[in-house]
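Each protein sequence line maps, in turn, to chains A and B.
All residue numbers for the first sequence refer to the UniProt record's numbering, where the first residue is 1 and numbers rise by one.
All residue numbers for the second sequence refer to the UniProt record's numbering, where the first residue is 1 and numbers rise by one.
Ideal placement from N, C-alpha and C gives every residue a C-beta, glycine not left out.
Accompanying notes for the structure given below.
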Amino acid sequence: MNFSDVFKQSNQLCKVSPDGKYLATCVQYRLVVRDVSTLQILQLYTCLDQVSHMEWSSDSLFILCAMYKRGLVQVWSLEQPDWHCKIDEGSIGLVSSRWSPDGRHILNTTEFHLRITVWSLCTKAVSYIKYPKACQKGIDFSRDGSYMALAERRDCKDYVSVFVCDDWHLLRHFETETQDLAGLEWSPNGCVLAVWDSCLEYKVLLYSLDGRLQSIYSAYEWSLGVKSVTWSPSSQFLAIGSYDEKVRILNHITWTKFTQFDHPSTINSTKAVVYKEVEKRPAAGSEDLSIHNITIGTTLFNTQSKYDICSLPVQIPVVKPDPDRANPKIGVSTLAFSSDSRYLATKNDNMASVVWVWDMQKMSLVAVLQQISAVRCFQWDPRRPRLALCTGNAKLYLWSPPGCVSVPVPSEGGFQVQSLSWHCSGDSLILLGKEQLCFCYMDTDQENK
Amino acid sequence: MPESSLVKDIHGTSAECRTSPLREFYQSSLQLHRSSNMFSCFCTEHNVQECASHISQELLSLGLTPVWTELSCRSELNVTAVINCMYDLIQLHRRSIRTLENLEVEHHKLSSNVAFLQLTSTRQTEQLEVCKRENAGLVEKERQLQLKVKSLQNAVRNEKEEVHKLQSIIASRASQYNHEMKKKEKEFNKLKEHLHQLLVGKKEKKQAIDVLNNIGRADGKRSLWKTEKTEAKHEGEMYRTLLSDYDARQRELEVENAEMRKVLQQMKKDMMSVLSSTKLTVTNDKQADDGVQADSGEEEEVLDSSKESVELHCVHAREKLTNSIRLQWRRLKNHVERLDSQASLAQVDESKTLAVPRETHEEEMNRLKLEIQQCKDFIQTQQQLLQQQLSSPCDEETGSLLSDRYMSQETERLREEWRTLEEQRKIFERERRNFTEAAIRLSHERKAFEEDRATWLKHQFLNSSPFADSKKPQMSKSKSAFLISAETEASGTMDPEELVKCPSDTTSPAHGCFPLTSPSTAITSRTVPYPRKKLEQTEDKDY
Chain A
1 MNFSDVFKQS NQLCKVSPDG KYLATCVQYR LVVRDVSTLQ ILQLYTCLDQ VSHMEWSSDS
61 LFILCAMYKR GLVQVWSLEQ PDWHCKIDEG SIGLVSSRWS PDGRHILNTT EFHLRITVWS
121 LCTKAVSYIK YPKACQKGID FSRDGSYMAL AERRDCKDYV SVFVCDDWHL LRHFETETQD
181 LAGLEWSPNG CVLAVWDSCL EYKVLLYSLD GRLQSIYSAY EWSLGVKSVT WSPSSQFLAI
241 GSYDEKVRIL NHITWTKFTQ FDHPSTINST KAVVYKEVEK RPAAGSEDLS IHNITIGTTL
301 FNTQSKYDIC SLPVQIPVVK PDPDRANPKI GVSTLAFSSD SRYLATKNDN MASVVWVWDM
361 QKMSLVAVLQ QISAVRCFQW DPRRPRLALC TGNAKLYLWS PPGCVSVPVP SEGGFQVQSL
421 SWHCSGDSLI LLGKEQLCFC YMDTDQENK
Chain B
1 MPESSLVKDI HGTSAECRTS PLREFYQSSL QLHRSSNMFS CFCTEHNVQE CASHISQELL
61 SLGLTPVWTE LSCRSELNVT AVINCMYDLI QLHRRSIRTL ENLEVEHHKL SSNVAFLQLT
121 STRQTEQLEV CKRENAGLVE KERQLQLKVK SLQNAVRNEK EEVHKLQSII ASRASQYNHE
181 MKKKEKEFNK LKEHLHQLLV GKKEKKQAID VLNNIGRADG KRSLWKTEKT EAKHEGEMYR
241 TLLSDYDARQ RELEVENAEM RKVLQQMKKD MMSVLSSTKL TVTNDKQADD GVQADSGEEE
301 EVLDSSKESV ELHCVHAREK LTNSIRLQWR RLKNHVERLD SQASLAQVDE SKTLAVPRET
361 HEEEMNRLKL EIQQCKDFIQ TQQQLLQQQL SSPCDEETGS LLSDRYMSQE TERLREEWRT
421 LEEQRKIFER ERRNFTEAAI RLSHERKAFE EDRATWLKHQ FLNSSPFADS KKPQMSKSKS
481 AFLISAETEA SGTMDPEELV KCPSDTTSPA HGCFPLTSPS TAITSRTVPY PRKKLEQTED
541 KDY
């Protein structure tokens, strides 16, 4: 495994182009485009203000830089560095900005979610969409980019509008049976739309592409409900994580629950392997405490760690959330399926330092990774069943079915990995710190413990 | 108190019996008065004195004045005394009758009291019984009520827990609502501020887009006008997507179904084969049943195989398949159960015969255990030796010996090879040396020959006389030397084997000058006789 040099970035804005060739990072008000393989700077653009959001277009030719405070969006072209485009939303303000799937339209959500403005870069035409809903995930594009689902709220009722992305034609508009729609997501095959209610009511509705209600699923009443929802890449499973610390999996044929994964605080009997991160203390007397070593800081400050396999029963540390606060830190907040739909990784918020990996074929727990500090981010390799996670320290952790490994990120001055994302080829990882980023190139053969 | 004692004494006697002694007394006294025969019986004219003395004694015992005195000789009764006596006796009698009457009255009173008391006592025992029953009933009621109380307490506890849970839910919901309210309020305030700013007349910045030049569409096509046709096209596209998805799903399900059906058929066949094979071993009693079953089984098989190819989607065929599987499975289960019961019976019957195999089994076990123990000991000794070898501090010699132990064979072999190689190398060195010597000699001889030739030519020139014959043999030698080298150069195939043996790596640069000469020393001597003949021939030519 090789690590590149550390580069600067701001706002955790660092994205690889969809074709995997370029890396765009924002440093204050500058946009830097590098080549992925050599990390040489190819282009440098200057925006008018500090960039709040940056996004590649789907054809990897354009980059959108949004500056929410100023209400501006600037679009840069990779092919023609002289080309420029500036969208000024004026006094109506800007809350979010994104590309359409064809890479030629920009959707700006104005302040107070008054409306969504669709700017066309081909014709300079403008269209407006009224009453968008301000919720956790109110807008979603289908994977093939042909349809957009938008959550709307009119007259205290929730609606969903389905638009055709070609010409923004309103295909379907229907009311949903939700109290307060919190989010919607297309299935990867684009035929089913999952809509879920806010956490005050556990309700997941499934609509087909033409707006017919296929099924409603509600596990229980009154207690806080759905926290996170995710589709499996094969569209076979819908995983729902809720505040009662359980994940329920629905199957795509009958839309009924066919299994449920619990996150107990004591693991008693399971065939899963429990990995516990243990710090390897460097032996104090044996190291040469020369000035040279101390200034480099190799052994004293960067503690090594390794994984130990724990024997059952295992006690998992639980942090009880404050009952008086809203959005309590309890329940399954993060779910991720591996690219072959074989594994599901989950994180329960009141056991924040533990990642659970479940096998979907056997429908049982496969591994439990207990870290020293709270897990900040985890993501599956887009090509193979390999999970990378980080906990805010200077290490990168990788899990794959053969085993688990902890890799220290070599850096001077302490690089704390806050988040990570895989390159679309699965050969490299981008590690993002607070103000820095680092590229990590994987070996072609699998890591072994 | 006296009443109770009376009750005790007269316990069980009836009221009538109590009056009978009085009546008897009256009856007896009347009888006395009626029959005056009593006097005649007691006193006659003969025993008057005895009777009188007897009566006076009796009167004395009763405490009355005696009426008869024996002192006086006269046997006359004192009439006054007798009358007084009689008067006293009558008084006494009256008094006793009176007391008797009183006693009778007392008796009657007491008996009535007793009766009364008995009545009251029975009444009270009855009451007591009733009270006891009531008490038991009340105790039972109390117990039931206690149970009810307990269950109600449990229910109350559960309700309280649920109330707590609901309260916590309400609390969390309330906090969530409050949070949302605050968010909304903040947003509302922001909106109000914004509106205020707009109303006040802050310069409103219009929306604008500033593009250098329009860019083409991603797919390169021209955009279409929004018409009904495009709308219909979109609808069509949408339905097509849905339909293709349904198609794909249906195909998958069909494939799955076909596989399942295949598996079921296979299972059925296996089950039937198992059952048919076991039927042969079954006793005669059951043959009748099995015969029937076999027939039906075969029938079914025939039916199913014919239908198999026709259609598998027909509901009837599906049902038939599942039913036949169920039937076969039931049969198999019954068969297995029968076998089990047979086996258990056999075990019970042949408990004695099992003793023998059990013994052998135990022997076998013991033997195996011994073997295991031996192996373990062996492994332990090996381990110990290994440990010793690794951990013991040994001096260099033994250390080297030990380290060489494993590679002794290898080293031996290598040493042998090395030796042979050395020998070969020496041989080659020797040969090379000889060869170089030969080459040097050859060059010397050549030089000598050249000199000779030169002198001979000189002589020829100088002495062109008929005395050349005497010098010929000398010349021939030197000539022969020249010819030798020429011959050897020309032919070069004297000893091909020896040439081949020449090792290429030990060739010296001198070899290059003599590519065709062989390195052996024998050549020079061998080649001598050859060219003489040729020399003679050439000489013949010259002359």
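Interface flag, residue i vs chain B, CB-CB below 8 Å
{"i": "Cys-199 of chain A", "result": "yes"}
{"i": "Glu-89 of chain A", "result": "yes"}
{"i": "Leu-224 of chain A", "result": "yes"}
{"i": "Val-164 of chain A", "result": "yes"}
{"i": "Ala-326 of chain A", "result": "yes"}
{"i": "Asp-288 of chain A", "result": "For Asp-288 of chain A, the pLDDT reaches just 49, beneath the cut-off of 50, and the residue's location in the model is therefore unreliable, although a value from the coordinates is still provided. Output row for Asp-288 of chain A: interface = no."}
{"i": "Leu-209 of chain A", "result": "yes"}
{"i": "Ile-92 of chain A", "result": "yes"}
{"i": "Glu-447 of chain A", "result": "Caution is warranted here: a pLDDT of 44 is assigned to Glu-447 of chain A, below 50, making its placement in the model unreliable, and no coordinate value can be reported."}
{"i": "Arg-104 of chain A", "result": "yes"}
{"i": "Gly-285 of chain A", "result": "For Gly-285 of chain A, the predicted structure reports a pLDDT of 48, less than 50, and the residue's modelled location is therefore unreliable. The matter cannot be settled from this model."}
Below-8 Å beta-carbon distance, residue i vs any chain A residue
{"i": "Lys-269 of chain B", "result": "no"}
{"i": "His-316 of chain B", "result": "no"}
{"i": "Pro-178 of chain B", "result": "Reading the sequence as shown, one finds Asn at residue 178 of chain B and not Pro. So yes, Asn-178 of chain B belongs to the interface."}
{"i": "Ile-379 of chain B", "result": "no"}
{"i": "Gln-207 of chain B", "result": "yes"}
{"i": "Ser-168 of chain B", "result": "yes"}
{"i": "Ser-175 of chain B", "result": "yes"}
{"i": "Arg-251 of chain B", "result": "no"}
{"i": "Leu-345 of chain B", "result": "no"}
{"i": "Thr-420 of chain B", "result": "no"}
{"i": "Arg-358 of chain B", "result": "no"}
Interface residues of chain A facing residue i [CB-CB closer than 8 Å]
{"i": "Leu-212 of chain B", "result": "Asp-82, Trp-83, His-84, Cys-85"}
{"i": "Leu-191 of chain B", "result": "Phe-112"}
{"i": "Glu-204 of chain B", "result": "Gly-90, Ser-91"}
{"i": "Arg-413 of chain B", "result": "In chain order: nothing, as chain A lies at least about 38 Å away."}
{"i": "Arg-217 of chain B", "result": "Asp-102, Arg-104, Cys-122"}
Contact set between residue i and chain A, taken where Cβ atoms lie within less than 7 Å
{"i": "Asp-245 of chain B", "result": "Asn-189, Cys-191"}
{"i": "Glu-187 of chain B", "result": "Phe-112"}
{"i": "Leu-242 of chain B", "result": "Cys-191, Ser-208, Leu-209, Asp-210"}
Buried or exposed by the 16-neighbour rule on C-beta atoms within 10 Å, applied to residue i
{"i": "Trp-225 of chain B", "result": "exposed"}
{"i": "Ser-142 of chain A", "result": "buried"}
{"i": "Val-348 of chain B", "result": "exposed"}
{"i": "Asn-393 of chain A", "result": "buried"}
{"i": "Trp-418 of chain B", "result": "exposed"}
{"i": "Gln-214 of chain A", "result": "exposed"}
{"i": "Ser-344 of chain B", "result": "exposed"}
{"i": "residue 548 of chain B", "result": "Outside the shown range of chain B (1 to 543) lies residue 548 of chain B, about which nothing can therefore be said."}
{"i": "Pro-328 of chain A", "result": "buried"}
{"i": "Ala-448 of chain B", "result": "exposed"}
{"i": "Tyr-239 of chain B", "result": "exposed"}
Chain-ordered chain A contacts of residue i [CB-CB under 9 Å]
{"i": "Ser-151 of chain B", "result": "By Cβ distance, chain A contributes nothing, its closest Cβ being about 27 Å from Ser-151 of chain B, past 9 Å."}
{"i": "Met-238 of chain B", "result": "Ser-146, Tyr-147, Val-162, Val-164, Leu-171, Arg-172, Leu-209, Asp-210"}
{"i": "Ala-171 of chain B", "result": "Pro-323, Asp-324"}
Within chain B, the residues that residue i reaches when beta carbons sit closer than 8 Å
{"i": "His-169 of chain A", "result": "Lys-226, Thr-230, Glu-231, His-234"}
Under 7 Å from the C-beta of residue i: neighbouring residues of chain B
{"i": "Arg-386 of chain A", "result": "Correct list: empty, because the minimum Cβ distance to chain B is about 28 Å."}
{"i": "Trp-119 of chain A", "result": "Ile-209"}
- Item | Three or more C-beta pairs below 8 Å linking the segment 326–340 of chain A and the segment 372–388 of chain A | Touching, yes, given that three or more Cβ pairs across the two stretches are closer than 8 Å.
- Message: Report the start-end ranges of each beta strand (DSSP E) in the segment 334–393 of chain A that is 3 residues or longer and not cut off at the edges.
- Response: Secondary structure within the segment 334–393 of chain A: the beta strand (DSSP E) runs of 3 or more consecutive residues, fully enclosed, are 343–348, 354–359, 364–370, 377–380, 387–390 (chain order).
- Query: Quick check: the segment 302–309 of chain A against the segment 190–198 of chain A, are there 3 or more CB pairs under 8 Å?
  - Reply: They do not touch, by the three-pair rule.
- Touch test, the segment 408–427 of chain A against the segment 10–26 of chain A, Cβ-Cβ under 8 Å, three pairs minimum: At 8 Å Cβ cutoff, the stretches touch.
- Item | Ranges of the beta strand (DSSP E) found wholly within the segment 135–217 of chain A, counting only runs of at least 3 | Taking only runs of at least 3 residues, the beta strand (DSSP E) segments lying wholly in the segment 135–217 of chain A are 139–141, 147–154, 157–164, 169–175, 181–186, 192–197, 204–208, 213–217.
- Touching or not, the segment 396–416 of chain A and the segment 357–371 of chain A, by the rule of three or more beta carbon pairs under 8 Å? Because the criterion of three Cβ pairs below 8 Å is met, the segment 396–416 of chain A and the segment 357–371 of chain A touch.
- Taking one C-beta from the segment 159–167 of chain B and one from the segment 73–81 of chain A each time, how about it: are there three or more such pairs within less than 8 Å? Judged by Cβ distances under 8 Å, the segment 159–167 of chain B makes no contact with the segment 73–81 of chain A, as fewer than three pairs qualify.
- Item | Three-pair Cβ contact test at 8 Å for the segment 265–272 of chain B versus the segment 204–224 of chain A | Contact fails between the segment 265–272 of chain B and the segment 204–224 of chain A, because fewer than three Cβ pairs, one in each stretch, are under 8 Å apart.
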